[in-house]
Every structure is written in structure tokens, then in C-alpha cells.
Amino acid sequence: YENNEAMQKTYKRYEVTEDINMESIDRKVRMSGDNKLIEKIEGLKAKNEFHSPKIGKISPHFEQEGKGTQIKLPISIENLIQLGFIKQI
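Printed below as a string of C-alpha cells:
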């Protein structure tokens, strides 16, 4: 990744800065005061979308070794950054 300029422009890497769980999501969403985000999270919770995150290993591809972990949550990367759960590295 570090030696591949095309990959750096296309793919992003993030560091988790705080444990992502329902308690911390609820706390940070309330603290944000963002009514639109609060409604979005409440809607996702009502559908039980937070209870089944998808987790898997990243396969080798594009001349990269893979081996990382990818996690799919029902909340966007932008929202996770906004709430302080992750940061781009």
C-alpha cells in the first residue's frame, strides 16, 4: 500500500480510536446534537441493523497482500469520523 500511489488515491485506511458499540454510539450521537444523524441512528436501531455487522479478512488483490480486517457497519465512514470513532491514517 505505502509504495503504490494508485492504491493510496483509491483506497483509504483508518484507525479505530474508540470501541464502537451501541452505548458509545448513543452517547456520541446525543453529544453531536445533529438531529438528522440522531434520526438516522434511531431508524437503524429500530430495524436492528446494528446487531449484525459484517466482518471478514481482506483477500490479496491488486498486487497487495491483503490480510487486513474489513468491517461493514450500517453507518457511513463520514459519520464514524464525525463522531470520533475512526481517523484516516
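Be aware that the sequence shown starts at -11, since it is given in the working numbering, and climbs by one per residue.
For glycine and all other residues, C-beta sits at the position ideal for the given N, C-alpha and C.
If you're wondering where the values come from, they're calculated on a predicted model, not measured in any experiment.
Cβ neighbours of I8 within its own chain (closer than 6 angstroms, five residues either side excluded): F73.
In the structure shown, K33 adopts helical secondary structure according to DSSP, grouped into three states. Ranked by Cα distance from S47, the options Q58, T(-2) and M10 are led by Q58. Only residues of its own chain outside the window of five on either side were considered, and among them Q76 have a CB closer than 7 angstroms to the CB of K0, listed in chain order. Counting every other CB atom within 10 Å of its CB across the protein chains shown gives N67 a total of 16 or more, marking it as buried.
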